[in-house]
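Engineer: Chains as they are written, first to last, in the numbering used here: chain A, 49 to 204; chain B, 127 to 153.
Beta carbons: idealized from backbone N, C-alpha and C, even for Gly.
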Amino acid sequence: MALPAQLRPIQHHLRTAQEHENRDPVVSYYCRLYAMQTGMKLDSKTPECRKFLVNLMDQLESMKKELSDNESITQEVVGNAHIENYALKLFLYADNEDRAGRFHKNMIKSFYSSSLLMDVLSVFGELSEENVQHRKYARWKATYIHNCLKNGESPQ
Amino acid sequence: TSSLASSVASAEQDDLSQRLSRLRGQV
């Protein structure tokens, strides 16, 4: 279903959900939950957004049913740990590549995805200061290295 | 007609909020 323009801020989280559909359904579920919560705040009144969000809610309900034997879905505290670990794993991979001077698309994507998953952590409550800093650093690094590679410059 | 449309919109919004709470086991 096409994403209405008002809901554009959640497009990357929805893409991450799609990419993890088979690889890690727990990541996929919480990315959609974040998108749902955020989408409702952005616009749940106009018909196109309502239609989109109702569809997203249908998807979430059916995922929850399918994953009913998974503790990371049935207990949000376990889900919180799962998403945080996954986000940190991506961050550490990208950070290691960065420190080793290996700059490539995959590490840029890992930095960016870890920052998106730190957004997702906000469904469980206020982010820790450490996660806020990680998110800021990861998003800045992804943008900076992306721009360097695009302009044929070496990241410092 | 516009007030009917607005009532329908707000009922649908409530429905979404309730479904979200149920999904998260908050009801």
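Check each residue of the segment 86-104 of chain A: if its Cβ is closer than 9 Å to any Cβ of chain B, include it; give the result in chain order.
Structural biologist: The residues in question are M88, S92, K93, T94, P95, R98, L101, V102.
Engineer: Since I believe A186(A) is in contact with S163(A) (beta carbons under 8 Å), could you give me their beta-carbon distance rounded to a whole number of angstroms?
Structural biologist: About 4 Å separates the two Cβ atoms, so the contact holds.
Engineer: Per DSSP, what kind of secondary structure is A129(A) in: helix, strand or coil?
Structural biologist: Here A129(A) sits in helix by DSSP.
Engineer: Can you tell me the Cβ-Cβ gap for L138(A) and S116(A), rounded? I've got them flagged as a contact below 8 Å.
Structural biologist: Contact flag wrong, Cβ pair sits at about 27 Å.
Engineer: Are the Cβ atoms of H60(A) and A83(A) separated by less than 7 Å?
Structural biologist: Contact flag unset, no.
Engineer: Name the chain B residues that come within less than 9 Å of L108(A), Cβ to Cβ?
Structural biologist: Result: R145, L146, L149.
Engineer: For E145(A), would you say it is in contact with chain E, using Cβ-to-Cβ distances shorter than 7 Å as the test?
Structural biologist: Among the protein chains of the structure shown, namely A and B, there is no chain E.
Engineer: Could you tell me if H68(A) is buried or exposed, where buried requires 16 or more neighbouring beta carbons within 10 angstroms of its beta carbon?
Structural biologist: H68(A) is buried by the Cβ-count criterion.
Engineer: If we ignore side chains and look at the alpha-carbon of each, how far apart do I131(A) and G200(A) end up?
Structural biologist: So the two alpha carbons sit approximately 34 Å from each other.
Engineer: With DSSP collapsed to three states, give me the class of S163(A).
Structural biologist: Three-state DSSP puts S163(A) in a helix.
Engineer: Determine the chain B residues that contact E124(A) at a beta-carbon separation under 9 Å, and present them in chain order.
Structural biologist: Here the neighbours are R150, G151.
Engineer: Report the residue from F159(A), D106(A), M166(A), D146(A) whose alpha carbon sits nearest the alpha carbon of G127(A).
Structural biologist: Comparing Cα positions, the closest option is M166(A).
Engineer: Can the beta-carbon of S92(A) be found closer than 7 Å to that of L101(A)?
Structural biologist: Yes, they are a contact pair.
Engineer: Could you check if L140(A) is buried or exposed, using at least 16 other CB atoms within 10 Å of its CB as the buried criterion?
Structural biologist: That one is exposed.
Engineer: Within 10 angstroms of its Cβ, does V134(B) collect 16 or more other Cβ (buried), or is it exposed?
Structural biologist: By the 10 Å Cβ count, V134(B) comes out exposed.
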